[in-house]
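Residue numbers (my numbering), protein chains in the order written: chain A, 1 to 486; chain B, 487 to 993.
The C-beta atom is built at its ideal place from N, Cα and C for all residues, glycine as well.
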């Protein structure tokens, strides 16, 4: 099919980069620069895919497709392609991963070749998850994400990394394997694993729950977040950013594209329980974020809350909710990645992220203060920001299901303001903290080099949120799942 | 007229025998070399001969595969010439060839030529066994390779662990053979036949399906084969023998022996006992679940890497018994496909352990594996890929293998078996990734490197205390990795091979 090569390139380019870096005897800086170059080219190809995608009504729902038989007798193929909203998540992946690679190059991660190869492998797997149009292929990419993440946290993480990787691994594998069982049952009984073919829909509750198990753990949704605090605290800052910013979006994408689109009836049956869990996660995560003693804790638990909000939008199962959720996925991805990297830079300067040892950092550090303020204000969804647009759409969407859900959402937005302002105030204002040396430097130019683009994307989306929301479900009349829902 | 001429001699299809004959020839050559050559040349000579023989047998098996589209009983119904046997021979020979590479630098005080002679003889027995189509041939071939392996386990007789392993294997293996022989006798008693297909015909013709003699014979044969495949509850010998045996050989045993026993089980059950399908599918499902439980739970608590891999091989036997238990054609090719990456992973994983053992000079545990991933990047990646493969994660053939195995169980209508398999896959992740954690994420323990086998200490000093470069071992491991990863990407051609091989049987 036309332009299918763009999809293949987006998946294979980082993979090729990873293999090259793993094999070529490059010094540390060169490995980082090669990875950075590959990531930048990836962004360029994403731009190409965006222009090649036709958002006009009446166009196919999944475009840029490419198919190669993988093992034919069971109806499994390498079938890739992008939906309109998947393409935005690919963009988020490419941009956030580029920033993370730049961060890692700047802070000089040791064992650079293994590190950057893992990062590029992760990029490839993430893009693959968003592109897969075959259940088994989806599962392959889904698991492939885990392998580099396991190493990235386990090797380059903090002191408690072994416990963190174990928790992360056990939780996510338990979910994934349930998904695998569902995939086996679904695919073998239908004779095809293709996600687009007419047989790809199911009314079985058990199969649906198997998929949901994988997604609720990876997102995570309350009460499946047991791995979250350890993983987000112990991972290297940029990996935590990618984990909360991008990897969690793979789960949200799974909810939308796999669970909701392909399982309309079970989605309808299980809507209320999932909304209740999302609501609990939203409030509980916000409260934990407000109580968290350090920067990473706030961002980690706010991630739990934000994923609850996104799930709200998705399981509103209407167009406003979907649009809001996709916009909020992109927003939260950018915000979370940037905030974790800022947290990492703070830790590099002060050796800690604890609020009782931080404070007063705004004085003499205008760049740091500006970045943190801007990010914080967008994150707390000030009217006019892109997060406001996303959350507003989500609340509109969920309002049609019952005003009670909107009240929960609105309360959570107030709580978001509380924890974000507490974070800003505890780091930037108040008296100078014990860990803050007067000589601690402001953000330096290269550091701004990878933070400013993330913030610029957010400001762009604040000015024009319709860039995303008008280009997600333009062709919904073509999607059996979505039309059946409306 | 003399007596000899009155006995009709069967027509002998030498080509069908060629893989076995090549390996036996190599075995004889190595034994001659042990006597005729000087000690210095024995090692490389017999290694080259054995490696060449495995390669030659591989080629012969490939030709056999190509030229035997229709199963055909040859040599008076003793063996069958078909694609199933040829594919199994390919797997065994590939495993053997890699094992020769891994054994190249092994530390062995004496009997180096005999080691290779016995390895080739064991390989010959295995490729003969997978073509067996009568109970007599089955027992002969089984003893043929088993006896070679008993001796191989104990070949370094100065080491107590080796002797212990050899003795234990001999006693328990003899026990298993006795079971098998007694079971065969019962089956013969019930049906009056020893040929696989004749047994099936007699059973069907005389309505013996629920005959007590036949069923108990079948049960005892299954037990005997269970010993060889180290499936629970016939697994007790496995951890001790795997731990005590020379490490390169352990990889061969875990791969080839298990493959042979499982292929034979598949063939025997489907050709000789199709009438009892209802019985043996359930029996094998129970054995598979038992192997999964015991193998996985046992592996969880191991600190010695070889013991962990031994328990893991019990668990893997469980996963490979699932498709046989499914008793359908999907299961047949699922098993054959599973064996391809499985054998490669077994050899490669034990090869890494062997390399570590050589540089440490002591038993390899999770503790002294620490840091291997950074000291020897290639071996680290190899071990990592093997662990991913055993765990059935993507980018390795292990994933497709497990997927096929579950698919065959689902096809049989056994969702519960799929769920049991998935649950124990989850359990297995703990110890497989535990090893990855040990080699990459733990701080290296203080372990002194000792000089490797053929390396004199002075030469080691010249390389600055670097671990020895083991080209043969690394090449073998690389070959195995290509199989493990390649079988993930090229499923279609491999499954076609397996499908045509499984078509030799009627399901």
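* What is the rounded straight-line gap between the Cα of residue 116 (chain A) and the Cα of residue 710 (chain B)? -> Mapped onto the first chain, residue 116 (chain A) falls at position 116. Mapped onto the second chain, residue 710 (chain B) falls at position 224. Rounded to the nearest angstrom, the two C-alpha atoms are 51 angstroms apart.
* Less than 8 angstroms between the CB atoms is what I'm expecting for residue 249 (chain A) and residue 92 (chain A), so what's the real figure, rounded? => Translated into positions along the first chain, residue 249 (chain A) becomes position 249. Translated into positions along the first chain, residue 92 (chain A) becomes position 92. That belief holds up - the Cβ atoms of residue 249 (chain A) and residue 92 (chain A) are roughly 7 angstroms apart, short of 8 angstroms.
* Distance between residue 868 (chain B) and residue 110 (chain A) (C-alpha atoms, nearest Å) -> Residue mapping note: residue 110 (chain A) aligns to position 110 of the first chain, counting from 1. Residue mapping note: residue 868 (chain B) aligns to position 382 of the second chain, counting from 1. Approximately 22 angstroms, taken between the alpha carbons.
* Asked: When the Cα atoms are used, what is the spatial distance from residue 192 (chain A) to residue 841 (chain B)?
  -> Counted from its first residue, the first chain places residue 192 (chain A) at position 192. Counted from its first residue, the second chain places residue 841 (chain B) at position 355. Roughly 44 angstroms separates the two Cα atoms.
* To do: Kindly indicate which residue of A:371, A:385, A:226, A:188 has the alpha-carbon position closest to the one of residue 135 (chain A).
  => Taking the first chain and counting its residues from 1, the one referred to as residue 135 (chain A) is at position 135. The shortest Cα separation from residue 135 (chain A) among A:371, A:385, A:226, A:188 belongs to A:188.
* Asked: So who's on the other strand from residue 76 (chain A), going by DSSP bridges?
  -> Indexing the first chain from 1 puts residue 76 (chain A) at position 76. Beta-bridge pairing links residue 76 (chain A) to A:71.
* Asked: In the DSSP assignment, what residue or residues form a beta bridge with residue 59 (chain A)?
  -> As a first step, residue 59 (chain A) must be located in the first chain, where it is residue number 59. According to DSSP, residue 59 (chain A) bridges with nothing at all.
* **Runs of alpha helix (DSSP H) wholly within the region 394-430 of chain A (minimum 4 residues, chain order)** => 403-428
* Determine, using beta carbons only, whether residue 894 (chain B) and residue 809 (chain B) come nearer to each other than 8 angstroms. => Start at 1 with the first residue of the second chain, and residue 894 (chain B) comes out as number 408. Start at 1 with the first residue of the second chain, and residue 809 (chain B) comes out as number 323. The answer is yes: Cβ separation under 8 angstroms.
* Using 8 angstroms as the limit for Cβ to Cβ distance, is residue 927 (chain B) near chain A? -> Here residue 927 (chain B) corresponds to residue number 441 of the second chain, with the count starting at 1. So yes, residue 927 (chain B) belongs to the interface.
* Asked: For chain B, is any of its Cβ atoms less than 8 angstroms away from the one on residue 127 (chain A)?
  -> Against the first chain, residue 127 (chain A) aligns to sequence position 127. No, no contact with chain B.
* Return the chain-ordered list of same chain residues with a C-beta closer than 6 angstroms to the C-beta of residue 834 (chain B), the five sequence neighbours on each side being excluded. => The count along the second chain starts at 1 and reaches residue 834 (chain B) at position 348. Cβ neighbours of residue 834 (chain B) beyond the five flanking positions: 868, 872, 963, 966.
* **At least 3 beta-carbon pairs within less than 8 angstroms: the region 268-285 of chain A vs the region 93-106 of chain A** => no
* Where residue 880 (chain B) meets chain A, residues with beta-carbon distance less than 7 angstroms -> Position 394 of the second chain, counted from the first residue, corresponds to residue 880 (chain B). Within chain A, the residues near residue 880 (chain B) are 140, 143, 144.
* Since residue 87 (chain A) contacts residue 45 (chain A) with CB under 8 angstroms, what's their CB separation in whole angstroms? -> As a position in the first chain, residue 87 (chain A) is number 87, starting the count at 1. As a position in the first chain, residue 45 (chain A) is number 45, starting the count at 1. Between residue 45 (chain A) and residue 87 (chain A) the Cβ distance is about 11 angstroms, and since that is not below 8 angstroms, they are no contact.
* Asked: Looking at the structure shown, is residue 568 (chain B) part of a helix, part of a strand, or coil, going by DSSP?
  -> Here the question's residue 568 (chain B) lines up with position 82 in the second chain. In this structure, residue 568 (chain B) counts as coil in the three-state DSSP scheme.
* Does the beta-carbon of residue 68 (chain A) have 16 or more other beta-carbons within 10 angstroms, so that it is buried, or is it exposed? -> As a first step, residue 68 (chain A) must be located in the first chain, where it is residue number 68. Exposed, because fewer than 16 other Cβ atoms sit within 10 Å of the Cβ of residue 68 (chain A).
* Anything in chain B within Cβ reach of residue 489 (chain A), meaning under 8 angstroms, just list it in chain order. => Lying outside 1 to 486, the shown extent of chain A, residue 489 (chain A) is not represented and no answer is given.
* Find the residues of chain A that neighbour residue 919 (chain B), judging by a C-beta separation of less than 8 angstroms, and give them in chain order. => Against the second chain, residue 919 (chain B) aligns to sequence position 433. Within chain A, the residues near residue 919 (chain B) are 150, 169.
* Asked: Helix, strand or coil for residue 759 (chain B) per DSSP?
  -> The residue you call residue 759 (chain B) lines up with position 273 of the second chain. Note: residue 759 (chain B) maps to coil in three-state DSSP.
* Please confirm if the region 697-709 of chain B is in contact with the region 665-684 of chain B, defined as three or more CB-CB distances below 8 angstroms between the two stretches. => yes
* Interface residues of the region 576-597 of chain B facing chain A [CB-CB below 9 angstroms] -> none
* Would a check of beta-carbon distances place residue 240 (chain A) closer than 8 angstroms to chain B? -> Counting from 1 along the first chain, the entry for residue 240 (chain A) is found at position 240. False, the Cβ-Cβ gap to chain B never drops below 8 angstroms.
* Quick one: is residue 306 (chain A) buried, meaning 16 or more other Cβ sit within 10 Å of its Cβ, or exposed? -> On the first chain, residue 306 (chain A) is found 306 positions in, with the first residue counted as 1. Buried, by the Cβ-count rule.
* **CB of residue 777 (chain B) within 8 angstroms of CB of residue 807 (chain B), strictly** => Locating residue 777 (chain B) in the second chain gives position 291, counting from the first residue. Locating residue 807 (chain B) in the second chain gives position 321, counting from the first residue. Yes.
* Between the C-alpha atoms of residue 875 (chain B) and residue 385 (chain A), what's the straight-line distance to the nearest angstrom? -> Translated into positions along the second chain, residue 875 (chain B) becomes position 389. Translated into positions along the first chain, residue 385 (chain A) becomes position 385. When rounded, the distance between both Cα atoms is 47 angstroms.
* **Beta-carbon spacing of residue 910 (chain B), residue 782 (chain B) below 8 angstroms** => As a working note, residue 910 (chain B) is residue 424 in the second chain. As a working note, residue 782 (chain B) is residue 296 in the second chain. Closer than 8 angstroms, so yes.
* Taking the alpha-carbon positions, what's the residue 784 (chain B) to residue 405 (chain A) distance? -> As a position in the second chain, residue 784 (chain B) is number 298, starting the count at 1. As a position in the first chain, residue 405 (chain A) is number 405, starting the count at 1. C-alpha separation (whole angstroms): 49 angstroms.
* Inspect the CB distances between the region 540-559 of chain B and the region 626-639 of chain B and report whether three or more fall short of 8 angstroms. => no
* **Residues that residue 851 (chain B) bridges to, as DSSP identifies them** => By 1-based counting over the second chain, the position of residue 851 (chain B) is 365. DSSP output for residue 851 (chain B) lists B:790 as bridge partner(s).
* Asked: Which chain A residues sit within Cβ distance under 9 angstroms of residue 911 (chain B)?
  -> As a working note, residue 911 (chain B) is residue 425 in the second chain. Residues of chain A passing the Cβ test: 173, 177, 180.
* Over the uninterrupted beta strand (DSSP E) stretch that includes residue 560 (chain B), give me the two end residues. => As a working note, residue 560 (chain B) is residue 74 in the second chain. Taken as a continuous stretch (DSSP letters only), the beta strand (DSSP E) holding residue 560 (chain B) covers 558-560.
* Can you tell which of A:162, A:186, A:226, A:286 has the C-alpha that lies nearest to the C-alpha of residue 234 (chain A)? -> Indexing the first chain from 1 puts residue 234 (chain A) at position 234. Of A:162, A:186, A:226, A:286, the residue nearest in Cα terms is A:162.
* Asked: Which chain B residues sit within Cβ distance under 8 angstroms of residue 71 (chain A)?
  -> Residue 71 (chain A) sits at position 71 when you count from the first residue of the first chain. Within chain B, the residues near residue 71 (chain A) are 886, 977, 978, 981.
* Asked: Are the Cβ atoms of residue 412 (chain A) and residue 221 (chain A) separated by less than 8 angstroms?
  -> To locate residue 412 (chain A), count along the first chain from 1; it is residue 412. To locate residue 221 (chain A), count along the first chain from 1; it is residue 221. No. Outside cutoff.
* Out of A:228, A:288, A:341, A:436, which has the shortest C-alpha to C-alpha gap to residue 375 (chain A)? -> Counting from one through the first chain, the residue named residue 375 (chain A) turns up at place 375. Answer by Cα proximity: A:341.
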